[in-house]
Amino acid sequence: MVSMSRITTRPASFPQTLHTIFRTNASPLLISRVVPSSYILIGNPYSFKSLSNVAVPRRPCARGPGSRPRLAGLPLMSRRDLHSQMFWLPPLMFVGLLGALWIWKCAMMIVFQNKIIYMPGLPPNARRERIQDYARECGGVVWEERRTRAADGTDLALCVASVESTGPKTSTSPGASASGIIPVYILYFQGNASSIPPRLQDLSAVLRTLQRGKQRARYTMICLSYRGYWTSRGRPSERGINLDAQAGLEYVTRLHDEQEQQQSADNGPNPRPVLIFWGQSIGSGVATNLAAAWEDFPRTIRLDGLVLETAFTSVKDMLGALYPSKWTPYRYLWPFLRNHLDSLANLDQIARLRSDDGGPPHITLVVAGQDELVPADHGARLEQRGRELGLTVERKIIRGTFHNDVMFRGEGRKAVADSIEKVVVATSRDGTNNGS
C-alpha cells in the first residue's frame, strides 16, 4: 500500500471518486484510465507521487451488451458542450486582443502626447541646421542668432533680423534709424516641426515686402525657438513653451529699451513701439496664450496685432477632426490632455484688454484654402467668435494652398505683410505714437 498523507484535487467532481478509491477493497483499476495524473497528487509535502500507480476500486454498475465499464460518480462532458466551447473560444480571444490593443494605444497616446504634438526632431537634421546655410536665399536680410533664458532657466535660441522702410529710400541696417520712425517688433512662433533656419527664406520675403512699404518704420522680427527645438535646451510641453513665449516677450522689451536709450540720446523722444505676434499652426495657440496673459505685459509695450496662420481652435477640436470616427477612442481622450492651445477660449480673455491699454489687438486669420489638417470651419469659428466679442477680425483665404504652403505662395506672404503694415498705419493714424 502507498502511504497517502495529503490529497490535492482540482475538479469539483472528484471527491466522490476519491472516497471510493480509499474506502473500498474491490478489484483495482488504474487511475490513469480515469483522470490525468496531473490533477491528483498523493504523498507527503516533500515527496509527491502520481496516482498513475494507485489502485482504484471497481464499483458494480449496470452494463449492457457491448458497453464499456465506467466509474460511478464521474460526470461525462457532452459532445455538444465541447463543440460550443470550441466555437466561442476564438471570437472571445480575438475580442480580448482588440480590447487590449485599444487600451494600450490609448495609454500610449496619453503618456506620450508631448512627443506626438511636438516634433522637434523632424526632419532628422532639424537640430543641426545653421543660419548661414540659408543666408543666400534671404535676399539681403541679415539674421543673427541670439540667446535668452526662460523663467525656469532653460536656455533658448532666437533668430533676429531688422529692416527699415523710409518711403522711397530703404535701409537694412539695424542702427540706421531716425527720429519719427516707428519701431515695430514682430514676435514669431513656429509650427510643431522642423526649426527656424529653414523658415528664414519665407520670413525674409515678408520683411522685404514690408521694407518696400510707404510707412516709415523699422521692422524687427524675433523668431523664438521653443525648448527642445533647434539649439534650445529642454523638452517641449505647453507649460514650458508658455514660459518660452514670455521669455521672448521679455527679450523684445529689453531690445526696445536698449534701442530707445540709444536713439533718445541722439534724436529726443521716440514713437511708441508696435508689437505684433505672428503664429503658425500650433504657434497660433502659443501666440494667443501669450496674448491672453496681457496683464503680465511690461508697461512700456503693448500688443497691437495678432497674425494667426493656419490656426485651429483647440487641441481638443483637432482630436475630433483627425479622428472623426466614433469607433476610434482617441477623440474621447481629451480629459487627459496636458496640452490645450485653446485659441477659441483665449479670445475671451483678449477681448477684456483695458481701454487705457489701447484696447484689444487687430486679429488677422490667414487660412489655407485646401488645408489637409485643420478643417476650414476652425478659421470661421475663430472669426465668428472674435466678432461676437467685439474684436476686429479679418480672415484671408489663400486659395490652393495646403497647411504648410501658405508662405510658399507670394499671395500668402503679401497677406501677412499687408496685415502687419495695416496695424502700423492704424496705430500711427490713431495718434498713439507720441513718446512712450
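Residues are numbered in our numbering as their position in the sequence shown, beginning at 1, plus a constant of 140. Glycine residues also receive a C-beta, built at the ideal position from the N, C-alpha and C atoms.
Asked: Within 8 Å, strictly: CB atoms of R553 and G509; Found: no
Asked: Residue closest to N410, alpha-carbon to alpha-carbon, out of V426, I381, R358; Found: R358
Asked: Backbone CA spacing between N254 and M226 [nearest angstrom]; Found: 45 Å
Asked: C-alpha distance - R478 paired with L350, whole-angstrom precision; Found: 38 Å
Asked: F542 versus H480, L395, R270, Q420, residue with shortest Cα-Cα distance; Found: Q420
Asked: Cβ of L473 within 8 Å of any chain D Cβ; Found: This model lacks chain D altogether, as it is built from one protein chain only.
Asked: Residues of its chain near M249, where Cβ-Cβ distance is below 7 Å and the 5 sequence neighbours each way are ignored; Found: I256, Y470, L473
Asked: Identity of the residue in Y328, E449, V251 nearest Y391 by Cα; Found: Y328
Asked: L505 vs L430 beta-carbon contact at 8 Å; Found: no
Asked: Contacts around E400, its chain only, beta-carbon distance under 7 Å, and the 5 residues preceding and following it disregarded; Found: N410
Asked: Euclidean distance between Cα positions of V281 and L298; Found: 16 Å
Asked: Start-to-end residues for the alpha helix (DSSP H) that takes in T453; Found: Here T453 belongs to no alpha helix (DSSP H), and DSSP marks it neither H nor E.
Asked: Sequence-distant residues of its chain with Cβ nearer than 6 Å to P337 (five each side left out); Found: E269, I271, Y274
Asked: The region 475-493 touching the region 452-460, judged by at least three CB pairs closer than 8 Å; Found: yes
Asked: Alpha helix (DSSP H) segment containing L420, residue limits; Found: The question names Leu, but residue 420 in the sequence shown is Gln. From DSSP, Q420 is part of no alpha helix (DSSP H) but of the beta strand (DSSP E) over 414-420.
Asked: Check whether V300 and T360 have beta carbons under 8 Å apart; Found: yes
Asked: Simplified DSSP assignment, three categories, for H502; Found: strand
Asked: Backbone secondary structure at K562 - three-state DSSP; Found: helix
Asked: Residue interval of the beta strand (DSSP E) (run including I322); Found: 322-329
Asked: Member of P263, A345, A555 whose CA lies at the smallest distance from the CA of S302; Found: A345
Asked: Residue ranges of each alpha helix (DSSP H) within the region 324-371, 4 or longer; Found: 340-351
Asked: Spatial neighbours of R286 in its chain, beta-carbon cut-off 6 Å, leaving aside the 5 residues before and after; Found: L298, V300
Asked: CB contact flag (N332, M233, <8 Å); Found: no
Asked: L383 beta carbon less than 8 Å from that of A290; Found: yes
Asked: E285 in three-state terms, based on DSSP; Found: strand
Asked: Same chain only: Cβ atoms within 8 Å of Y186, ignoring 5 sequence neighbours per side; Found: Its pLDDT being 38, under 50, Y186 is placed unreliably in this model, and the coordinates cannot settle the point.
Asked: I538, enclosing beta strand (DSSP E) - first and last residue; Found: 533-538
Asked: Ranges of the beta strand (DSSP E) found wholly within the region 373-403, counting only runs of at least 3; Found: none
Asked: Which of helix, strand or coil DSSP assigns to E582; Found: Residue 582 lies beyond the stretch modelled for the chain, which goes from 141 to 576, so this question has no answer here.
Asked: Three-state secondary structure assigned by DSSP to R268; Found: helix
Asked: Within 8 Å, strictly: CB atoms of W418 and L340; Found: no
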